[in-house]
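Heads up: the structure comes next, in C-alpha cells.
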Ligand SMILES: *Cc1c(COP(=O)(O)O)cnc(C)c1O
C-alpha cells in the first residue's frame with residue numbers, strides 16, 4: 295500500500311492532464327503562459343481573495359511574502375518550532391530571527407495564547423502554520439497582530455489548501471496565505487509549485503515583481519527579486535487537478551473522520567480538530583508511545599508510516615537553540631506518526647491499516 299497514492303489520482307485524471315499539457319506544448323509559452331493567469335484567477339476565486347500569485351514552490355511563496363514586506367536583517371518573526379524547515383529557513387535566509395511560540399499539545403498548531411508575550415519592537419511578522427491540514431486560531435492571532443500596530447500575519451498553508459475555518463478558506467484569512475503544490479500536498483502538481491494569496495494590492499504588486507527578478511517591466515528592475523515563477527506546464531497540471539479537487543477534499547474529510555472513529559478504542563492519541571473548522575489531512579497523524587517499535591511492526595505488516603516531524607526546528611543543527619526549551623514541541627516530535635492518507639485510499643486499505651495498528655498495539 296502506498297503512503298500517498300498519487301498513481302490512482304493520475305489514472306483518474308489521465309485525459310484532462312494530457313489535454314492540458316498538450317495545449318501548453320503546442321502554444322509554446324512555457325514561461326508565464328496563459329495557464330498561469332487562468333490558474334491564478336481560479337484559485338483566487340476558490341479562496342475568496344483578490345490576488346493569487348503563483349510561484350515556484352511553497353518555500354518561495356514564504357520567501358517572497360517576507361521580501362514583499364521589506365523584511366530586513368534582524369527582523370523577528372513569531373512562528374512555531376514544530377513545522378517543516380522551510381517555514382523558518384526563509385526567515386533565517388533573509389537574516390531574520392525566528393521567535394518560537396510552543397504548540398497546543400492536542401492540535402500541534404501554534405498556541406495563540408503564547409504569541410503576545412513574544413512581541414518586541416522588532417517583530418515584523420507572525421507566521422502560523424496550519425499543520426496537517428487544520429487551520430490555526432487565526433482570529434485570535436489576527437487580533438493580537440491588530441493590537442500591536444497591525445503586524446502582518448502570514449499563514450503557512452502549505453498543508454491546508456482547501457481547509458475551512460469558520461466557513462472561510464485557508465489562505466484567505468490573514469495578510470498573506472502561502473501554499474505549496476508539492477505533489478503530496480492536498481493540491482499538488484507534478485514537480486514544484488506554490489502560490490501566494492492576499493487582498494492587499496500593493497503587496498500583490500510587489501510579490502508579482504519579486505517573482506520575476508524584481509521587474510516592474512521588462513529589464514526595469516525596481517527591486518531585488520528572485521527567479522520564482524511557476525512553470526506554465528505545472529499550472530496546467532493543477533488546472534486539470536481542480537476538476538476533482540472538491541471530490542478529493544470531501545474524500546479526505548471522510549477518510550480522516552473514519553480513521554478518527556475506527557482508532558477511538560486504541561491506546562493512542564488522536565489529533566483534536568476544533569469544532570469551527572475542518573482538517574484536510576495533508577497528513578493523518580496520531581501520537582503514540584513506543585513509536586519506533588510500532589513503526590517496525592507496521593512496516594512488517596506492509597503498512598508504510600512517516601514522521602512529521604522527528605525534531606522541532608530549535609533542535610535541528612542548522613537552527614539549533616540549546617538555550618530554548620519548548621517541551622510541547624519536543625514531546626510531539628517524539629510521539630507523532632503519520633498513517634497512509636490520500637483521497638484514493640480505499641476503505642479496505644484503511645481497514646488494513648487500523649487492523650495492523652490494533653494488532654501491533656496489542
Ligand atoms: C511543504 C511545506 C513547505 C514548503 O513547500 P515546498 O513547495 O516544498 O517548497 C513549507 N511549509 C510547510 C508547513 C510545508 O509542509
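Numbering (our numbering), first residue to last: 295 to 656.
Here a beta-carbon is modelled for each residue, glycine too, at the ideal position from N, C-alpha and C.
The segment 543-551 makes no contact with the segment 366-375; the number of CB pairs closer than 8 Å stays below 3. For residue 523, no alpha helix (DSSP H) run applies, since DSSP gives it neither H nor E. Residue 620 and residue 395 have their C-alpha atoms some 8 Å from each other. Every residue with a CB closer than 6 Å to a heavy atom of ligand 1 is listed here in chain order: 351, 352, 353, 377, 378, 380, 381, 423, 450, 452, 453, 474, 476, 486 and 488. The bridge partners DSSP lists for residue 505 come to none. Counting only residues of its own chain and dropping the five nearest sequence neighbours on each side, residue 423 has a CB closer than 6 Å to the CB of 374, 377, 381 and 450.
Residue 392 is bridged by DSSP to 371.
Here residue 471 is bridged, per DSSP, to 449 and 491. In this chain, residue 347 is not harboured by any alpha helix (DSSP H); it is covered by the beta strand (DSSP E) spanning 345-349. Residue environment for residue 540: exposed (fewer than 16 other C-beta atoms within 10 angstroms of its C-beta). Annotation: residue 539 is outside any beta strand (DSSP E); the continuous alpha helix (DSSP H) that includes it extends over 539-556. Around the beta carbon of residue 603, 16 or more other beta carbons sit within 10 angstroms, so the residue counts as buried. In the DSSP secondary-structure assignment, residue 458 is bridged to 463.
DSSP, read as helix, strand or coil, puts residue 430 in coil.
Per the DSSP secondary-structure output, residue 511 pairs in a beta bridge with 514.
According to the DSSP secondary-structure assignment, residue 420 is paired through a beta bridge with 372 and 447. Take residue 463, set aside five residues on each side of it, and the residues of its chain with a beta-carbon closer than 8 Å to its own are 340, 341, 342, 456 and 457, in chain order. Residue 600 places its beta carbon less than 7 Å from that of residue 632. Between the alpha carbons of residue 503 and residue 430 lies a distance of about 30 Å. Annotation: residue 654 to residue 437 spans about 45 Å, alpha carbon to alpha carbon. With fewer than 16 other Cβ atoms inside 10 Å of its own Cβ, residue 555 counts as exposed.
For the 7 Å CB-CB criterion, residue 354 and residue 488 form a contact.
Collapsing the DSSP output to three states places residue 640 in coil. Across the structure, residue 629 and residue 592 are spaced so that their CA atoms are roughly 15 Å apart. In the DSSP assignment, residue 378 falls outside any alpha helix (DSSP H), carrying neither H nor E. A straight-line Cα-Cα distance of about 6 Å links residue 391 and residue 368. DSSP, reduced to helix, strand and coil, places residue 579 within a strand of the structure shown. The C-alpha of residue 585 lies about 54 Å from the C-alpha of residue 512. The beta carbon of residue 647 is closer than 7 Å to those of 597, 633 and 634 in its chain, skipping five residues each way along the sequence. DSSP, read as helix, strand or coil, puts residue 648 in helix.
Look at the beta carbons and you see the segment 342-352 not touching the segment 312-323: under three pairs across the two are nearer than 8 Å.
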